[in-house]
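In what follows, a structure is listed as structure tokens, so that the remarks can point back to it.
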């Protein structure tokens with residue numbers, strides 16, 4: 001091989017090697033944890049702490065919780081509970097900041113029991129374990145299927161008659177239903193039909209939003225079943241649908257960014273308002289089919305707005321999309337998700353965008 005070809009080959013290998021080395025270095029730079037300037041060396045967990053709050057004491061980006069704990073995928077899916085009295089230690093001895101948990105005998109014993117028998121996990125709030133986000137803010141949306149498949153809702157058991165041929169029922173009343181199955185004594189949630197939820201861009205029907213109106217216990221189950229109303233949120237009416245009450249659960253999940261790109265929009269807010277402040281639930285038009293899972297953290301952006309024109313003939317100009325807090329996903333449906341607004345400076349509005357941070 002001529003000397004010039006040898007030199008060209010050597011230079012090519014060196015350039016290729018440099019490119020590979022640089023490409024390997026980029027993730028390391030991108031993955032560098034941004035610590036709070038006043039991050040404590042030790043923190044004692046107190047009652048009422050959430051994982052989001054605790055993470056924010058150490059990290060400027062609270063969704064980097066898995067990285068600072070050096071968690072693997074299995075640990076992210078099934079994390080340990082953290083309890084009041086546990087001590088979290090910031091360890092920088094290895095060069096990269098890491099958190100370690102110094103438990104205590106009582107808390108370590110409970111963690112061991114929960115690992116052996118997941119059924120006792122429902123006691124985590126009675127034991128005051130640190131939740132990912134405030135339980136009171138999301139409990140109403142965990143216990144009731146407020147978004148359902150439209151056909152599934154239409155095929156659900158229905159209220160067919162009330163006592164004395166009444167069409168409206170309240171607490172203590174007997175009601176009759178058709179299409180019911182299952183055991184006597186089971187508790188059924190009662191829902192009014194609601195509205196279609198459509199994608200604002202494609203107009204696809206993503207789900208069917210229903211209204212919770214009450215609960216009733218099954219007394220007799222048959223072709224026409226008998227139930228007794230235990231509590232109401234609104235009056236129960238003929239043609240309302242019944243859905244078996246799910247087991248009460250408070251999932252434990254780790255705040256983190258999605259593995260793939262996610263872009264969506266806020267298409268509904270709860271609480272009787274059109275804008276959502278901190279700790280308000282919003283619905284986004286992305287769900288299981290889009291790779292969204294509980295614990296995903298999305299950056300919220302204010303939707304661009306048209307600025308005031310000086311002359312009618314001017315082209316329309318839009319404000320830039322501006323960062324406005326985060327949305328932490330806590331309940332996922334096939335095509336939609338519930339998320340809780342966190343750290344927003346202004347209200348999150350309908351059609352505001354959410355993206356992977």
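Numbering (UniProt numbering), first residue to last: 1 to 357. Don't be surprised by glycine CBs; every beta carbon is placed ideally from N, CA and C. Owing to the predicted nature of the structure, the values given are computational and were not obtained by experimental measurement.
- Query: When you compare only the Cα positions, how much space is there between residue 301 and residue 281?
  - Reply: 16 Å
- Message: Would residue 362 and residue 327 qualify as a contact pair, given that the criterion is a beta-carbon distance under 8 Å?
- Response: Residue 362 lies beyond the stretch modelled for the chain, which goes from 1 to 357, so this question has no answer here.
- Message: Am I right that residue 34 and residue 60 are in contact with their C-beta atoms under 8 Å? What's the rounded C-beta distance?
- Response: 4 Å
- Task: Would you mind giving the Cβ-Cβ distance between residue 267 and residue 243, rounded to the nearest angstrom? I have them listed as a contact below 8 Å.
- Result: Rounded, the Cβ-Cβ distance is 22 Å, inconsistent with contact.
- Task: Quick one: using the 10 Å Cβ neighbour count with 16 as the cut-off for buried, is residue 295 buried or exposed?
- Result: buried
- Across which residues does DSSP place residue 353 in a beta bridge pair? 265, 301
- So what does DSSP say about residue 39, is it helix, strand or coil? coil
- Query: With DSSP run on the structure shown, which of helix, strand or coil describes residue 287?
  - Reply: coil
- What residue does the beta strand (DSSP E) around residue 137 start on, and which one ends it? Element bounds for residue 137: not the beta strand (DSSP E) but the alpha helix (DSSP H), 135-142.
- Task: Compute the Euclidean distance between the alpha carbons of residue 209 and residue 83, then round it to the nearest angstrom.
- Result: 36 Å
- Given a threshold of 16 other Cβ atoms within 10 Å of its Cβ, counted over all protein chains shown, does residue 318 qualify as buried or as exposed? exposed
- Among 86, 91, 139, 354, nearest to residue 261 - alpha-carbon criterion: 354
- Burial state of residue 325, where buried means 16 or more other Cβ atoms lie within 10 Å: buried
- Query: How would you write the range of the alpha helix (DSSP H) that residue 54 sits in, first residue to last?
  - Reply: 51-58
- Task: Pick helix, strand or coil for residue 188, following the three-state DSSP scheme.
- Result: strand
- Query: Which word fits residue 230, buried or exposed, when buried means at least 16 other C-beta atoms lie within 10 angstroms of its C-beta?
  - Reply: exposed
- Task: For residue 171, count neighbouring C-beta atoms within 10 Å of its own C-beta (all shown protein chains included) and say buried if the count is 16 or more, exposed if not.
- Result: exposed
- What does a CB cutoff of less than 7 Å around residue 381 pick up in its chain, not counting 5 residues either side in sequence? Coverage of the chain is limited to positions 1 through 357, which leaves residue 381 absent and any answer about it impossible.
- Write down every uninterrupted run of the beta strand (DSSP E) in the segment 193-264 whose length is 3 residues or greater and which is fully enclosed by it, in chain order. 205-220, 224-232, 241-244
- In terms of DSSP beta bridges, what is residue 316 paired with? DSSP output for residue 316 lists no bridge partner at all.
- Task: Reducing DSSP to helix, strand and coil, say where residue 76 ends up.
- Result: helix
- Could you tell me which of 255, 357, 149 sits nearest to residue 194, measuring between CA atoms? 149
- Proximity to residue 86 [Cα-Cα], best of 54, 312, 44, 80: 44
- If you draw a straight line from the alpha carbon of residue 189 to that of residue 140, how long is it in whole angstroms? 13 Å
- Residue range of the alpha helix (DSSP H) that residue 47 falls in? No alpha helix (DSSP H) holds residue 47; DSSP gives it neither H nor E.
- Message: Please return the same chain residues whose Cβ sits closer than 8 Å to the Cβ of residue 304, not counting the five positions on each side in sequence.
- Response: 318, 319, 320, 321
- Query: Where does residue 253 land, buried or exposed, given buried means 16+ other C-beta within 10 angstroms?
  - Reply: buried
- Query: Roughly how many whole angstroms lie between the Cα atoms of residue 136 and residue 316?
  - Reply: 43 Å
- Note down the Cα distance separating residue 38 from residue 347, rounded to an integer number of angstroms. 28 Å
- Query: What is the rounded straight-line gap between the Cα of residue 235 and the Cα of residue 227?
  - Reply: 15 Å
- Message: Please list the terminal residues of the continuous alpha helix (DSSP H) segment that includes residue 150.
- Response: 150-154
- Message: Helix, strand or coil, according to DSSP, for residue 164 in the structure here?
- Response: helix
- Query: If we count the other Cβ atoms within 10 Å of its Cβ and call it buried at 16 or more, is residue 258 buried or exposed?
  - Reply: buried
- Task: Given a cut-off of 8 Å, decide if residue 289 and residue 246 are closer than it, judged by their beta-carbon atoms.
- Result: no
- In angstroms with no decimal places, state the Cα-to-Cα distance between residue 367 and residue 185. For the chain, the structure presents residues 1 to 357; residue 367 sits outside this window and is missing.
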